[in-house]
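Following: one structure in structure tokens, then a few remarks.
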Amino acid sequence: MCSYSLFTSTFSPFFIILISFFNPKKNHFFSSFLLSTMVAISKPPIELFFSKPSSKPTNNNNNNNPLSFPTIPIIDLSKSDSKHLLVKACQEFGFFKVINHGVPMQSIKKLESQATKFFSSPLSLKQKAGPPNPFGYGNRRLGSNGDFGWVEYLLLNAKLESDHKSPPFSVFEENPEDFRGVVNDYVTSVKKMACEILEMLADEMGLEARNVFSKLLMDEESDSVFRVNYYPPCPEVQEHESKGKKLIGFGEHTDPQIISVLRSNNTSGLEISLRDGTWVPVPSDSSSFFVNVGDSLQVMTNGRFKSVKHRVVANSSKSRLSMIYFGGPPLSEKIAPLDSLMVGEEASLYKEFTWFEYRKSAFNSRLSDNRLSLFEKIRTT
Ligand SMILES: *[C@@H]1O[C@H](CO)[C@@H](O)[C@H](O)[C@H]1NC(C)=O
Ligand SMILES: *[C@@H]1O[C@H](CO)[C@@H](O)[C@H](O)[C@H]1NC(C)=O
Ligand SMILES: *[C@@H]1O[C@H](CO)[C@@H](O)[C@H](O)[C@H]1NC(C)=O
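Counting in full-length UniProt numbering, the sequence shown runs from 1 upward without gaps.
Next up, the structure:
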């Protein structure tokens with residue numbers, strides 16, 4: 001999984017930069033430097049994938065010492081009195097776990113097995129499903145602004161009518177329709193659950209229309225995406241791991257959309273950041289879903305809900321598979337605090353923008369940038 005061939009293809013742009021910097025004809029020193037650099041670079045520059053030392057440690061006491069540690073809220077969707085807990089979770093964490101969610105296990109398992117099959121295919125086949133621009137297979141490169149992660153992924157259109165005859169679906173050689181069908185079933189159920197959650201939130205907050213959030217996901221023009229992430233194991237980093245360094249699968253970020261719904265198989269790795277900046281590992285649970293508040297929902301609630309910063313740490317010995325539905329609004333939608341939510345003289349914390357503008361801005365930023373800060377009003381107090 002950590003093969004050199006992968007790296008040489010991934011990092012070829014680095015070669016070009018080096019070669020243009022050091023002209024070996026002019027200087028022997030540089031030519032030997034270049035040679036040794038090339039030898040060095042044919043080994044994975046694995047450091048690129050490690051977390052930078054942070055001032056805030058990860059809280060690893062999750063299982064040992066539950067008292068010192070806030071528990072991630074668990075919401076039972078089958079109970080009507082969960083609404084209150086939902087709102088509380090969105091305010092305090094921007095994150096919660098959902099049980100009794102009504103998504104059939106069968107549709108989860110089918111997708112998991114198709115995805116596993118795809119990611120275990122030869123690289124040459126997977127690459128036929130790329131680049132992820134806007135939809136398709138991606139490998140280690142996340143976006144176009146220099147973010148890397150120890151991850152392979154498929155970015156898919158969450159619109160159900162889209163074509164199975166073109167990549168990435170066409171790459172599922174035997175039966176691309178089957179894979180499209182499996183994705184459709186899964187996305188349909190998960191989107192339904194996401195809408196239910198958004199309606200419970202609107203209800204509990206006493207907003208005039210309970211579909212005020214969910215209608216954006218239901219809209220035919222909803223700009224939603226579906227992503228499958230595969231974090232391969234990497235035995236080479238075992239030594240680093242034992243020194244407490246973390247191999248970053250997906251670097252820290254918040255999700256720009258309204259709401260994200262994640263399911264992973266039984267491998268740990270997901271971590272969320274608490275308000276004080278502490279990183280907290282989220283124990284995996286393959287039969288539940290994890291839900292993130294996105295930046296757009298933070299804005300629509302004028303900051304009452306917080307989009308949660310999160311990341312995924314890869315592992316030297318275990319692979320992880322996750323699938324995430326990102327529920328977004330139509331491109332032309334104005335993202336602004338809801339009138340019916342504002343109290344008294346309350347003013348919007350944000351400048352006016354559309355989802356199109358925000359998405360464009362997010363695409364042009366680095367993963368870890370505080371993307372909303374560009375849209376915050378400067379407070380004059
Ligand atoms: C998670 O999924 C990956 C990819 O399919 C697989 O290799 C791994 O064994 C799975 N892990 C568990 C604990 O099920
Ligand atoms: C998940 O993994 C844990 C330990 O790694 C194990 O105890 C548990 O039974 C597993 N659950 C499932 C559903 O495979
Ligand atoms: C990798 O997975 C193993 C087995 O589940 C676990 O004990 C270890 O803590 C994990 N490593 C990291 C860095 O999360």
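Here a beta-carbon is modelled for each residue, glycine too, at the ideal position from N, C-alpha and C.
Option nearest residue i by Cα separation, candidates the options
i, options, result
"Asp203", "Val87, Val171, Leu155, Glu357", "Val87"
"Ser80", "Asn133, Glu152, Glu92, Leu201", "Leu201"
"Phe135", "Val225, Ile248, Tyr186", "Val225"
"Phe289", "Val261, Ser316, Arg275", "Val261"
"Val183", "Asn133, Lys159, Glu199", "Lys159"
"Ile94", "Ser121, Pro233, Gln298, Phe49", "As written in the sequence, residue 94 is Gly, which differs from the Ile given in the question. For Gly94, the nearest C-alpha among the options comes from Gln298."
"Thr116", "Pro329, Val343, Phe179, Glu333", "Phe179"
"Leu217", "Val190, Cys234, His240", "Val190"
"Ser121", "Glu221, Thr188, Glu152", "Glu152"
"Ser287", "Val98, Thr71, Ala89", "Val98"
"Pro235", "Ser319, Leu111, Lys377", "Ser319"
"Leu309", "Pro337, Arg210, Val291", "For the record, residue 309 in the displayed sequence is Lys; it is not Leu. Minimum Cα distance to Lys309 is reached at Val291."
"Ile258", "Pro233, Tyr231, Ser316, Glu199", "Glu199"
"Cys195", "Tyr231, Pro232, Gly328, Tyr230", "Gly328"
"Pro110", "Leu274, Asn145, Ala336, Asp185", "Residue 110 is actually Lys in this sequence, not Pro. With distances taken between Cα atoms, Lys110 lies closest to Asp185."
Beta-carbon contacts of residue i that lie in its chain and below 7 Å, excluding the five residues immediately before and after
i, result
"Leu125", "Val171"
"Val313", "Lys246, Leu247, Ile248, Gly249, Gly269, Glu271"
"Asn100", "Asp76, Leu77, Ser78"
"Lys128", "Pro167, Val171"
"Gly251", "Asp147, Gly149, Arg311, Leu367, Ser368"
"Glu345", "none"
"Pro256", "Gly294, Asp295, Ser296, Tyr358, Arg359, Ala362, Arg371"
Residue i - partner residues in DSSP beta bridges
i, result
"Thr354", "Lys334"
"Lys97", "Ile74, Phe290"
"Gly327", "Ile259"
"Tyr231", "Arg320"
"Tyr153", "Gly138, Asn229"
"Val313", "Ile248"
"residue 440", "Beyond the ends of the chain as shown, which are 1 and 381, falls residue 440; an answer cannot be given."
"Ser264", "Ser322"
"Glu376", "Tyr350"
Classification of residue i by the beta-carbon crowding that lies within 10 angstroms, buried from 16 upward
i, result
"Ile197", "buried"
"His84", "exposed"
"Thr254", "buried"
"Lys43", "Reliability of the predicted coordinates at Lys43 is poor, the pLDDT of 42 falling under 50, and the value obtained from them is presented with this limitation in mind. That one is exposed."
"Phe96", "buried"
"Gln276", "Note that residue 276 is Asp in the sequence shown, not Gln. That one is exposed."
"residue 382", "As displayed, the chain neither begins before 1 nor continues past 381, which places residue 382 out of reach and without an answer."
"Asp295", "buried"
"Asn175", "exposed"
"Leu48", "exposed"
"Ser36", "With a pLDDT of only 39 at Ser36, under the threshold of 50, the placement of this residue in the model should not be trusted; the figure read from the coordinates follows. Ser36 comes out exposed."
"Val343", "exposed"
"Ile378", "exposed"
Sequence-distant residues of its chain with Cβ nearer than 6 Å to residue i (five each side left out)
i, result
"Asn157", "Phe135"
"Lys323", "The question names Lys, yet the displayed sequence has Met at residue 323. Val228, Arg263, listed in sequence order."
"Leu331", "Asp223, Trp355, Phe356"
"Phe375", "Tyr350, Lys351, Phe353"
"Tyr137", "Lys126, Ala129, Gly130, Leu154, Pro168"
"Asn27", "Here the model assigns Asn27 a pLDDT of 39, short of 50, so the residue's position is not dependable, and the following value carries that caveat. Correct list: empty, nothing qualifies."
"Pro132", "Gly138, Leu155"
"Pro66", "Summary for Pro66: the model assigns pLDDT 41, below 50, so the residue's position carries little reliability; its value from the coordinates is reported in the next sentence. Same-chain partners within the cutoff: there are none."
"Ser340", "Leu207, Glu208"
request  = Take every Cβ of the segment 275–283, pair it with every Cβ of the segment 334–350, and state whether three or more of those distances are shorter than 8 Å.
outcome  = no
query = Does the count of Cβ pairs from the segment 293–311 and the segment 102–110 closer than 8 Å reach three?
reply = no
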